[in-house]
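Visitor:
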Amino acid sequence: MKPTRVPFLAGLVVIITLITWAVLRTAYVSLPPLPWTAVPTLLLLALGEAVTAVNTLRRIRRKPGTKPVEPLVVARMAALGKATALAAGVLAGVFAGFALSLTDALDKPTPRNDFFVSGGTFLAALVLVGAAFFLEYACRVPKDPDAEDQDRGASRA
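If you're matching positions, the sequence shown starts at 466 in my numbering and goes up one per residue.
Encoded structure:
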């Protein structure tokens, strides 16, 4: 499994944003107001992934007071990070499309409220993407210090 590529994720966000914007140009009036509860939910998920990433990183690097981590657990955490990055990218695209489609109706109270909710949810989704990238980074196999010493010795000779 390869790490999530930023250009792919950015392209996914842009495509989902454009699709959502196009759909909402005609369908927005039939939708209920957006719930604000997605913002704290995404932020709590990001916090959970960040804490998991810190713990995983400490265990992989064998910091004092930590138990070694099983390789299968690391693989599962890396898969979780990749899946979360993609899902949060889709959510970011949906809510960016919402915000974009509402920019011309900010003089009305309900669209203005939905604009701020969708903007906040978009930002929370980006925070979750960042936490997912950190979790993926934490799951990388560290370089072997012995191999680095041998490489330095070979380059000096």
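Positions of the beta carbon are idealized from the N, C-alpha and C atoms, including for glycine.
1) How big is the Cα-Cα spacing for valine 479 and lysine 532?
2) Please list the segments of the alpha helix (DSSP H) lying wholly inside the region 543-611, counting only runs of 4 or more residues, in order along the chain.
3) Could you spell out the range, first to last residue, of the alpha helix (DSSP H) harbouring leucine 483?
4) Between which two residues does the alpha helix (DSSP H) holding glycine 513 run?
5) Taking only three categories from DSSP, how would you classify leucine 499?
6) Buried or exposed for leucine 510, going by 16 or more other Cβ atoms inside 10 Å?
Guide: In short, the structure shows the following:
1) Between valine 479 and lysine 532, the C-alpha separation is close to 41 Å.
2) Within the region 543-611, the complete alpha helix (DSSP H) runs of at least 4 residues are 574-603.
3) Element bounds for leucine 483: 471-492.
4) Residues 503-525.
5) Here leucine 499 carries a coil assignment [DSSP, helix/strand/coil].
6) In summary, leucine 510 is buried, with 16 or more beta-carbon neighbours lying within 10 Å of its beta-carbon over all protein chains present.
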